[in-house]
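Enquirer: Have a look at the structure that comes next, please.
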Amino acid sequence: MKRFALLLATSLFLIALSGANSHAAGPLKIGVTLHAYYSWVSEIVGETAIVEPIIPPGSDPHTYQPKPTDLAKLKEIDVLVRNGLGHDDYINPMLKAAGREDMTVLDPHKGLPLIAVHEQTYAFESGEKKVAYNSHTYISITGAIQQINTLADELGKLAPANAALYKTNARAYAKRLRRMQADALAKINRLDPARLRIATVHDGYAYLMQELGLKIDAVIQPRHGIEPSPRQLQDTIKRIKQADVQVLFSEMDYQKKYVDIIFQETGCRIYTLTHISNGPYVKEKFEQDMQRNLDTIVKALTDARG
Amino acid sequence: MGQAEQREIVGKQVIVPPLEARRETIGLLLALAVLVALMTLRFVLLSGESEQQFMKPYHRLDNILQGGQRTLYQAMIAAVPEIVDLRNREGQWPEVELLEMEEVPPFAPQFLPATLQGVVWSSLDGGSWIDYVAQDPSGGETITLLLRVIDLHAEYHPHPHPGIDYDPNEQVAIQVWMFPEANRAYPGERLPEAGWFWVVRPDDPVLTKPQTVQTPTPVPGGGEG
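Protein chains in written order, with this note's numbering: chain A, 19 to 324; chain B, 170 to 394.
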């Protein structure tokens, strides 16, 4: 009995000790605000760190209202990967509320050439002088690779013992992504896309289209959550007709009624792209969703060629 | 309250001091002066925070690049980690042929849109830096772009030097330069004197941080940078 009590006390002491040191000695806990970042960071760190999404799957990062459980999660995290360009602004008050304003925060877009929103002539933003940058830097391949390399470097600084592994993993991941891009470009380049006029339902695809050499002639809903008014919709239809747009890229959460109206009025073909913000957080999500987007773009351009 | 007390209050004389116009005018002027001072202070503070305050005549913001130029520009910057890896592995800056063989865009044309696949690359090894020049003999582009990668740990840096405090954790500095004419010949080290422009992001530290560190070895021939 005495031996058992001694064993129990020793075990409890060791558990308490390991609990006290777990934050410092355990694997790096990396919080992420977007699905794409979950995939990227998981690919980079492999089994050496824990990757934790801050908001639950199925939540819209544009309109997310934090819950107490999210704050508790933030307290356990060592480093946070966030967009930093307005796509996940909910995180800043959360950091403050959790008392973690001192947390190491990584903005993957460091050094990335950004697309200024004001440069594009959106139907509903005429006259708007405010300069902002397109926050959808993660819906891309070349841009994604640059950000993945940046994250590998920054995470390597936080975990020097794993820095070489992170770099190797990032390069291998980049090669796979580039292969996807090359396969899609091989098909697109045969279709003479320069003669096509393309529109999207919001500006989330500007980086990807730029990499594929495709020009966006009109954007229907410049930002999430802003539904076009009847007058704006009328203006869009007019612009699509004027620009002779043949392909419209919609997205999964865009209201079908607007897409239908536009199709009825213009005869423009409509295809659905993914914003990489739905479904469970899994390592493969970014590759799967981007492959789907590339396949959809190739199909749309092939169909438009007739 | 008794009648006698009421009579006393009614009969109390209240003396209202006459208006002193001078005192009020001084007060008003003081308030205005404080307001002007606050506005000036705010203007000074805001202008101090604004971007591009360290812009040089040879800097151009990257929004001047359009369409395919932006695609190329983005791919050039994204290629740098692999250029550095290859240099670390091979002991010298990688030549264009090696980058193409290693499938590094934009040197490998299969990763580019059709309109950019005619771009021809050449490299010029400066020892502590390397320049990659993109020329388009097909005439598809109206400008010439140049990627310069500089070893920050080397003793000598080309003119103009990166111009910001060197982060000891960074191995290289990346510069993209453009000449507003297609197929411009390589001008050598001193790009600004040859009319080339350094393309910078609006949030580039070169534009937002004052330079306090000079090159370890002064640039031969002097010049600012």
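The C-beta atom is built at its ideal place from N, Cα and C for all residues, glycine as well. What you are looking at is a predicted structure, and each value in this text was computed from that prediction instead of being measured.
Distance cutoff 8 Å, beta carbons only. Does F366/B sit that close to anything in chain A?
Expert: On the second sequence, residue 366/B is found 197 positions in, with the first residue counted as 1. No, F366/B does not count as interfacial toward chain A.
Enquirer: Which chain A residues sit within Cβ distance under 8 Å of I246/B?
Expert: The residue given as residue 246/B occupies position 77 in the second sequence. Within 8 Å Cβ-Cβ: G129, L130, P131, Q164.
Enquirer: Considering only C-alpha positions, which residue in the set V237/A, Q228/A, G297/A, A200/A is nearest to D313/A?
Expert: The residue labelled residue 313/A in the question sits at position 295 within the first sequence. Cα-wise, what sits closest to D313/A is A200/A.
Enquirer: Is the Cβ of A54/A closer than 8 Å to any Cβ of chain B?
Expert: As a first step, residue 54/A is located in the first sequence; it is residue number 36 there, counting from the start. Not an interface residue.
Enquirer: T284/A and N311/A look like a contact to me (Cβ under 8 Å); what is the Cβ gap, rounded to whole Å?
Expert: For this step, residue 284/A is matched to residue 266 along the first sequence. For this step, residue 311/A is matched to residue 293 along the first sequence. T284/A to N311/A, Cβ: 23 Å. No contact.
Enquirer: Exposed or buried, Y140/A, counting other C-beta atoms within 10 Å across all chains shown (16 or more means buried)?
Expert: Here residue 140/A is taken as the residue at index 122 of the first sequence, counted from 1. In this prediction, Y140/A has a pLDDT of 38, which is less than 50 and means its spatial position is unreliable; what the coordinates show is noted afterwards. By the 10 Å Cβ count, Y140/A comes out buried.
Enquirer: I believe R317/B touches W346/B by the beta-carbon criterion, under 8 Å. Please report the beta-carbon distance rounded to the nearest angstrom.
Expert: Taking the second sequence and counting its residues from 1, one reaches residue 317/B at position 148. Taking the second sequence and counting its residues from 1, one reaches residue 346/B at position 177. Yes, they are in contact, since the Cβ atoms of R317/B and W346/B sit about 6 Å apart, within 8 Å.
Enquirer: If Y301/B and L315/B are in contact, beta carbons under 8 Å, what's the gap, nearest whole angstrom?
Expert: Position 132 of the second sequence, counted from the start, is the residue given in the question as residue 301/B. Position 146 of the second sequence, counted from the start, is the residue given in the question as residue 315/B. Their Cβ separation, rounded to whole angstroms, is 7 Å, which keeps Y301/B and L315/B in contact under 8 Å.
Enquirer: Starting from the C-beta of A277/B, find all residues in its chain whose C-beta is less than 6 Å away, skip the five residues before and the five after it, and write them out in chain order.
Expert: Start at 1 with the first residue of the second sequence, and residue 277/B comes out as number 108. Only E269 meet the Cβ criterion.
Enquirer: Considering only residues of the same chain and omitting the five flanking positions on each side of Y82/A, which have a CB-CB separation below 7 Å?
Expert: Residue mapping note: residue 82/A aligns to position 64 of the first sequence, counting from 1. Excluding positions up to five away in sequence, the list reads I73, Y108.
Enquirer: I'd like to check one pair, P282/B with A480/B: are the Cβ atoms closer than 8 Å?
Expert: Given a span of 170 to 394 for chain B in the structure shown, any question on residue 480/B remains unanswerable.
Enquirer: List the residues of chain B that K233/A touches, going by C-beta distances under 9 Å, in chain order.
Expert: Numbered from 1 along the first sequence, position 215 holds the residue referred to as residue 233/A. Here the neighbours are G236.
Enquirer: Between the alpha carbons of P75/A and L195/A, how many angstroms are there, rounded?
Expert: Indexing the first sequence from 1 puts residue 75/A at position 57. Indexing the first sequence from 1 puts residue 195/A at position 177. When rounded, the distance between both Cα atoms is 24 Å.
Enquirer: Between the C-alpha atoms of K114/A and P86/A, what's the straight-line distance to the nearest angstrom?
Expert: Translated into positions along the first sequence, residue 114/A becomes position 96. Translated into positions along the first sequence, residue 86/A becomes position 68. One C-alpha to the other measures close to 13 Å.
Enquirer: Once you ignore the five residues that flank N180/A on each side, which residues in its own chain have a CB closer than 6 Å to its CB?
Expert: Along the first sequence, one-based indexing puts residue 180/A at 162. Counting only Cβ-Cβ distances below 6 Å, and skipping sequence neighbours, we find T66.
Enquirer: Go to F348/B, then tell me how far its beta strand (DSSP E) extends in each direction, as first and last residue.
Expert: Counted from its first residue, the second sequence places residue 348/B at position 179. Taken as a continuous stretch (DSSP letters only), the beta strand (DSSP E) holding F348/B covers 341-348.
Enquirer: D334/B: which of Q261/B, E272/B, P374/B sits nearest, CA to CA?
Expert: Residue 334/B sits at position 165 when you count from the first residue of the second sequence. Considering only alpha carbons, the answer is P374/B.
Enquirer: If contact is defined by three or more beta carbon pairs under 8 Å, each pair taking one atom from either stretch, is the segment 196-208 of chain B in contact with the segment 253-271 of chain B?
Expert: These segments do not touch.
Enquirer: Report the residue from P131/A, I166/A, K47/A, G64/A whose alpha carbon sits nearest the alpha carbon of T122/A.
Expert: Indexing the first sequence from 1 puts residue 122/A at position 104. It is K47/A.
Enquirer: Within 8 Å (strictly less), CB to CB, does A204/A reach chain B?
Expert: In the first sequence, counting from the first residue as 1, residue 204/A sits at position 186. It does; some Cβ of chain B falls within 8 Å.
Enquirer: According to DSSP, is T218/A helix, strand or coil?
Expert: Here residue 218/A is taken as the residue at index 200 of the first sequence, counted from 1. T218/A: strand per DSSP, three-state reduction.
Enquirer: Please check if any C-beta of chain A sits within less than 8 Å of the C-beta of Y335/B.
Expert: Here residue 335/B corresponds to residue number 166 of the second sequence, with the count starting at 1. It does not: the Cβ of Y335/B has no partner Cβ on chain A nearer than 8 Å.
Enquirer: By how many angstroms is the C-alpha of H228/B removed from the C-alpha of L376/B?
Expert: The residue given as residue 376/B occupies position 207 in the second sequence. The residue given as residue 228/B occupies position 59 in the second sequence. Near 9 Å, if we compare the C-alpha coordinates of H228/B and L376/B.
Enquirer: Hey, does A283/B have any beta-carbon neighbour from chain A nearer than 8 Å?
Expert: Taking the second sequence and counting its residues from 1, the one referred to as residue 283/B is at position 114. Yes, contact with chain A.
Enquirer: Could you tell me if K303/A is buried or exposed, where buried requires 16 or more neighbouring beta carbons within 10 angstroms of its beta carbon?
Expert: Position 285 of the first sequence holds residue 303/A. Per the 10 Å Cβ criterion, buried.
Enquirer: In the DSSP assignment, find the unbroken alpha helix (DSSP H) run with Q164/A in it and report its ends.
Expert: Along the first sequence, one-based indexing puts residue 164/A at 146. Run containing Q164/A: 160-176, per the alpha helix (DSSP H) assignment.
Enquirer: Just the C-alpha distance for L214/A and G260/B, rounded to the nearest angstrom, thanks.
Expert: The residue given as residue 214/A occupies position 196 in the first sequence. The residue given as residue 260/B occupies position 91 in the second sequence. Each residue's alpha carbon lies about 46 Å from the other.
Enquirer: Determine, for A134/A, whether the minimum Cβ-Cβ distance to residues of chain B falls below 8 Å.
Expert: Your numbering for residue 134/A matches position 116 in the first sequence. Closer than 8 Å: yes.
Enquirer: Let's test the definition: count the other Cβ atoms within 10 Å of the Cβ of P178/A and tell me whether it reaches 16, buried, or not, exposed.
Expert: Start at 1 with the first residue of the first sequence, and residue 178/A comes out as number 160. Result: exposed.
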